[in-house]
Structures are given as C-alpha cells and as structure tokens.
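K.L.:
FYI, in full-length UniProt numbering the residues of the sequence shown are 1 to 294.
All C-beta atoms in this analysis are idealised placements derived from N, C-alpha and C, irrespective of residue type, glycine included.
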Amino acid sequence: MNLKSLEYFIKVVDTNSFTKVAEESFISQSAISQQIKSLEDELGFSLLNRSKKEFTLTEAGKYIYKEGKNIINNVKEIENHASFISKNTNQELKIGHVMGYGYEELKKSLMIFSSKYPEIKLSIKDGTHDTISACNINDVTDIMIGDQRKTLSDIFNNVYLGDLYYSIKISSSSNLSTKNNITISELKGYSCIVIASREEMPKEIEFMKTTLEFNGEFLCAQTLTEAELMVSAGIGFLPVASKVKEKTDDGSITSLPFIKNEEILKSKLYAFYKKSFDESIYEKLTSIIKEVIK
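Listed below in structure tokens is the structure:
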C-alpha cells in the first residue's frame, strides 16, 4: 500500500475536500484524485462513492480510513524514534534527583525510559535541593528532578511534572501506625529525620521547620536507605513526598498522609534543564514522568 496515497486519502476524508488538500499540498486537484484512484487500483476495491458535487465512504473505505490513520501515525512514530536514536546513540543523560521527592515515581519512569531508549546512557545523582541545584547550574547534571523552593529561573526550562503529597514515614511498631493520617501536633515528642550531609543539615532543617511547622528535634541521615533504617528502628519519622495520597504499610514502615490546614500537604514536582540544551531527550523523559505521576 502506497503510504503517500493513503495519507492523501485520509486528508481528503478529514477535510471533506479534494480542493483544500490540493491547495495545502501545493499540487493540482487532479493529482490528488489520481493518487486516491491509484490507491483504489492497488487495493482492488473502491474507497469512495463519487457524485458530481460530493463523495461518501464505502464500507471498505471506512475501514481503510480508520486503520490507515493508525498506520500513518505508527510510521511517523517509527521515523521520529529512528531519528532520535541516530542523534542520541551513546549520549549520556546525567540526572540529578532531590532526595525524598518522587523517588518511587522516578524509579518507574527511569525503568520505562531505559527500556524505550536503551541507546541513552543514564547516570543518577541523589542529593539535597541545594546540592542538585548547584550540579545543574554547573553542568555536573543535565536535568534536575525536584521540588520548587526558589523563584523559577529564566536560564532553565522549568517543566511542571505534577503534584506530590507529603506523607510521614514511621515505624510500623509505633502507636501512631494505627492512624489513617497525621498532623504536626501528633508528632510532638518525636524526632524528624532529614536526609543531608552535616554541612547541609541547617538549610534542610529550616526548610522542614517552615514546611511542616515542626519545632522538635532533628536527626541527620546521609542517604534514603539510612533514613528508612532509622525509621524502622523507631528512631524518628521521615517526611517524603510522592503521588500516593493513602496510608501504606510494608510491614516495617507505615506512611501516613500529612495533614496541614485540613488537607494533605502538597508539593509541586519540577524538571529543570538549561534552555541551551537540545530539548528532545528531556521532553521524552519529562513526558514519561508526567504520565507516571498522573
């Protein structure tokens, strides 16, 4: 089946006009008619019932129109993907991720991305907001995935990925684990775990004080793994943000939606990458993350 003839046929049906398609394609109306007649000859049956002033689709024409659209879209997708591969083979995409924000969503997104675009080499750096911001500014990373804490910069493409919801991770052995959600007053007497180096801890503490309105004791963990082990051991609680709005329990850690002002506290997840960079690779990653968060 001639794809160009099929495309002309679909356009004629969409616009209900041979003349309009001819004008848009910069060829004569008779040439469009000949393309469709050639397609009919190739297939061995009529696609259109023709009269002097109008046309209607035959039953076979209706089927070819419907399935032909899928064929054309699939061919264009194949062409775009092949072009992407030719431009990006052996390219490395360096991703910076702010710890505690959209971790599970990013994991799933990277699995989808790497299976769809295996020609792209991925590297990941976890860190605090300030650390990953600095890496992004200084080109240590190509793209930053994290929450918005500062005014959006004109240097970057600032891509909104979706809303995340705060939850509080506590030990499943805690008395609080029986609750369905939690407020800051119920965390009085507990220690809040922040993921940061000791040098970065003061800034992270200030952020958590402002965000959660928590004024108790803070403890430092270097990694998410260390923080979750501390939670399991009942040493403290860990605030995180994800798309999950319900209580969850994996047997050692219970996650409770954090309520502030009578609703679950939200955070906006963004991707930040410099405007000077080729956007195609970043758009593919961000579109996957958006779909996962949705």
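#1: For aspartate 14 and glutamate 77, I'd like the C-alpha separation in whole angstroms.
#2: Could you name the residues that DSSP lists as bridge partners for proline 239?
#3: With distances taken Cα to Cα, identify the nearest neighbour of glutamine 222 among Ile289, Val98, Thr58, Met1.
#4: If you run the structure through DSSP and keep just helix, strand and coil, what is serine 123?
#5: In chain order, what residues of the same chain lie with their CB nearer than 6 Å to the CB of leucine 285, ignoring the 5 residues before and after it?
#6: Using CA coordinates, which residue listed in Ser191, Arg149, Glu228 is at the minimum distance from phenylalanine 214?
#7: On the DSSP letters alone, give me the boundaries of the alpha helix (DSSP H) that isoleucine 145 sits inside.
#8: Closest to glutamine 148 by C-alpha separation, out of Asp142, Ser133, Asn138, would be which residue?
#9: In three-state terms, what does DSSP make of serine 232?
#10: Per DSSP, which residues does leucine 269 bridge with? Please list them.
#11: Of the residues Glu226, Glu24, Ser5, which one's Cα is nearest the Cα of glutamine 35?
#12: At a cut of 8 Å, does the segment 108-125 reach the segment 239-251 through at least three beta carbon pairs?
#13: I need the straight-line Cα distance from glycine 162 to serine 38, nearest angstrom please.
#14: Write down the C-beta distance between isoleucine 182 and leucine 238 rounded to the nearest angstrom, noting that I regard them as a contact closer than 8 Å.
#15: Three Cβ pairs or more, each shorter than 8 Å: is that satisfied between the segment 171-179 and the segment 198-214?
#16: For the alpha helix (DSSP H) that serine 25 lies in, which residues bound it at each end?
#17: Within 10 angstroms of the Cβ of lysine 52, are there 16 or more other Cβ atoms? Answer buried if so, exposed if not.
#18: Spatial neighbours of phenylalanine 18 within its chain, please: C-beta separation below 8 Å, excluding the five flanking residues on both sides.
#19: What is the rounded straight-line gap between the Cα of residue 318 and the Cα of isoleucine 64?
#20: For histidine 81, is the classification buried or exposed, using 16 other Cβ atoms within 10 angstroms of its Cβ as the cut-off for buried?
#21: Compare the beta carbon distance of leucine 48 and glycine 68 with 7 Å and say whether it is the shorter of the two.
#22: List the whole-angstrom C-beta distance separating serine 171 from valine 240, where the pair is believed to meet the contact cut-off of C-beta under 8 Å.
#23: Can you tell me where the beta strand (DSSP E) holding phenylalanine 218 begins and where it ends?
#24: What is the DSSP secondary structure of proline 118, counted as helix, strand or coil?
#25: Consult DSSP for glycine 61 and reduce its assignment to one of helix, strand or coil.
#26: Measure the CB-CB distance between aspartate 130 and lysine 94 and report whether it falls below 7 Å.
#27: When you compare only the Cα positions, how much space is there between glutamate 40 and phenylalanine 156?
P.N.:
On the basis of the supplied data:
#1: 20 Å
#2: Ile168
#3: Val98
#4: Serine 123 falls in the strand class under three-state DSSP.
#5: Phe113
#6: Ser191
#7: Per DSSP, isoleucine 145 lies in no alpha helix (DSSP H) segment; the continuous beta strand (DSSP E) that holds it begins and ends at 143-147.
#8: Ser133
#9: helix
#10: Asp147, Gly162
#11: Checked all of Glu226, Glu24, Ser5; the closest Cα to glutamine 35 is Ser5.
#12: Contact between the segment 108-125 and the segment 239-251 is absent, because fewer than three Cβ pairs lie under 8 Å.
#13: 49 Å
#14: Rounded, the Cβ-Cβ distance is 12 Å, inconsistent with contact.
#15: Using a Cβ-Cβ distance cut-off of 8 Å, the segment 171-179 and the segment 198-214 are not in contact, since fewer than three pairs of beta carbons, one from each stretch, lie closer than that value.
#16: 18-25
#17: exposed
#18: Val12, Gln29, Ile32, Ser33
#19: The chain is shown only over 1 to 294; residue 318 falls outside these bounds and no answer can be derived.
#20: Histidine 81 should be labelled exposed.
#21: no
#22: With a Cβ gap of about 15 Å, serine 171 and valine 240 do not count as contacting.
#23: Note, phenylalanine 218: beta strand (DSSP E), 218-221.
#24: coil
#25: helix
#26: no
#27: 51 Å
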